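The letter at position 158 of the sequence shown is residue 1397 when you use the working numbering, and the numbering goes up by one with no holes.
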Amino acid sequence: MKKFICLLSLFILVAACKKDRSQQITRRLVKITDVQSTKLFTYDSNNRLVKEQDNRSWPCFRPLQETFYTYQDSKLIKAKNISILEDSEGCDPSQKFEFEQLFLYHENGNIKTISQLSSSLMTTATSTEYFYDQRGLIIKTVLKWDNQTVTTNFKHDSRGNVIKMIDANGFVTHYEFDNKKNPYYFNKIQIGLPTPFTMSPNNIIKGTGSQTYTRQFKYDSSGWPVEVLETNGRTYIYHYENN
């Protein structure tokens, strides 16, 4: 089950919100670091994310996961993930596994479905369908495999931030935001399932309900976060480069 959840969390690019992200962004996030890990983000000449790399200082001392993105015209059409299994003693490169995700779109450019092909560790293919409101914001996702479905619902505020999420078990989480720029949103970096952290133009500073936590940010003079202290006590540093 743990492996399955990890694989589900790799439905990472639901960047097709109709809400405009095309405003000129002069900085892009290239790295996030803490004492145990480094995440690297690589872009092409059109400022599209083409590679994500997750490195750990322990126990692997190697990339735990790499994801490569393929585009056709302006649309993402494929994501290929290469992961190495991790255990208490380290990582064995011979135990790596690969799988691909394929993206289909509505005529208006919003993502319709993301299909994950079966792999050596997950023989059942999955498909996630996305539903939108009149603003083009994602309000529901439905994940399907075999005869099972997992539905998640989202509610947005006037700025497009996800202020409420209802998961498949009916548990509700409410979110509060700052008024600063979210680099995951504007750089179209979407890690994990479509979550309030990646779908919202501002940064979450508090969660209450099913998930409870606080996040303390520091910002640069342009309003980009440069550091965040999470409830778990870990501090993450954001590194940028100019476009």
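Glycine residues also receive a C-beta, built at the ideal position from the N, C-alpha and C atoms. Note that the coordinates shown come from a computational prediction; the quantities given were computed from them, not determined experimentally.
{"Item": "For my contact list, P1440 and N1421 are in at a C-beta cut-off of 8 Å; report their separation, rounded to the angstrom.", "Value": "6 Å"}
{"Item": "Are the beta-carbon atoms belonging to S1449 and T1412 less than 8 Å from one another?", "Value": "yes"}
{"Item": "Taking the alpha helix (DSSP H) that F1531 belongs to, which residues open and close that run?", "Value": "A query on residue 1531 cannot be resolved here, the shown segment of the chain reaching from 1240 to 1482 and no further."}
{"Item": "Tell me the rounded alpha-carbon separation between K1427 and R1267.", "Value": "10 Å"}
{"Item": "The alpha helix (DSSP H) that contains T1437, what's its start and end?", "Value": "1435-1438"}
{"Item": "Tell whether a beta-carbon distance below 8 Å holds between I1316 and T1309.", "Value": "yes"}
{"Item": "From T1453 to Y1475, what distance separates their C-alpha atoms?", "Value": "14 Å"}
{"Item": "What does the alpha-carbon distance come out to for the pair Y1282 and F1342?", "Value": "19 Å"}
{"Item": "Please work out which residues of its chain come closer than 7 Å, Cβ to Cβ, to N1286, disregarding the five sequence neighbours upstream and downstream, and give them in chain order.", "Value": "R1267, N1482"}
{"Item": "Going by CA-CA distance only, name the one from T1365, R1398, K1403 that's closest to Q1388.", "Value": "Note that residue 1388 is Thr in the sequence shown here, rather than Gln. The candidate whose alpha carbon is nearest that of T1388 is T1365."}
{"Item": "Based on Cα-Cα distance, which residue from Q1292, R1374, Y1479, K1445 lies nearest to S1461?", "Value": "Y1479"}
{"Item": "May I ask you to report which of helix, strand or coil DSSP gives F1280?", "Value": "strand"}
{"Item": "Nearest by alpha-carbon distance to I1271: which of G1375, S1284, E1346, E1291 is it?", "Value": "E1291"}
{"Item": "Hey, out of S1276, Q1304, Q1311, V1289, whose CA is closest to C1295's CA?", "Value": "The amino acid occupying residue 1295 in the given sequence is Arg; Cys does not appear at that position. That would be S1276, whose Cα lies nearest to the Cα of R1295."}
{"Item": "Provide the residue span of the alpha helix (DSSP H) that contains F1425, from first to last.", "Value": "1422-1425"}
{"Item": "Buried or exposed: which applies to K1314, given that a residue is buried once 16 or more other Cβ atoms fall within 10 Å of its Cβ?", "Value": "exposed"}
{"Item": "Have a look at Q1455, T1367, G1446, T1470 and flag the residue whose alpha-carbon is nearest the alpha-carbon of T1380.", "Value": "T1367"}
{"Item": "Does DSSP put K1314 in a helix, a strand or coil?", "Value": "strand"}
{"Item": "Extract the residue ranges of the beta strand (DSSP E) inside the region 1363-1391, only unbroken runs of 3 or more that lie entirely within it.", "Value": "1365-1371, 1377-1384"}
{"Item": "Pop quiz: T1437 and Y1414 are said to be a contact at Cβ under 8 Å. What is the actual Cβ separation, rounded to whole angstroms?", "Value": "Actually they do not touch by this definition, with Cβ atoms about 12 Å apart."}
{"Item": "Please state whether DSSP places D1273 in a helix, a strand or coil.", "Value": "coil"}
{"Item": "Please name the residue or residues paired with L1483 in a DSSP beta bridge.", "Value": "Since the first residue of the chain shown is 1240 and the last is 1482, residue 1483 is not available in this structure."}
{"Item": "To the nearest angstrom, how far is the alpha carbon of W1463 from that of K1419?", "Value": "6 Å"}
{"Item": "Rounded to the nearest angstrom, how far is the Cβ of Q1340 from that of I1353, given a contact under 8 Å?", "Value": "5 Å"}
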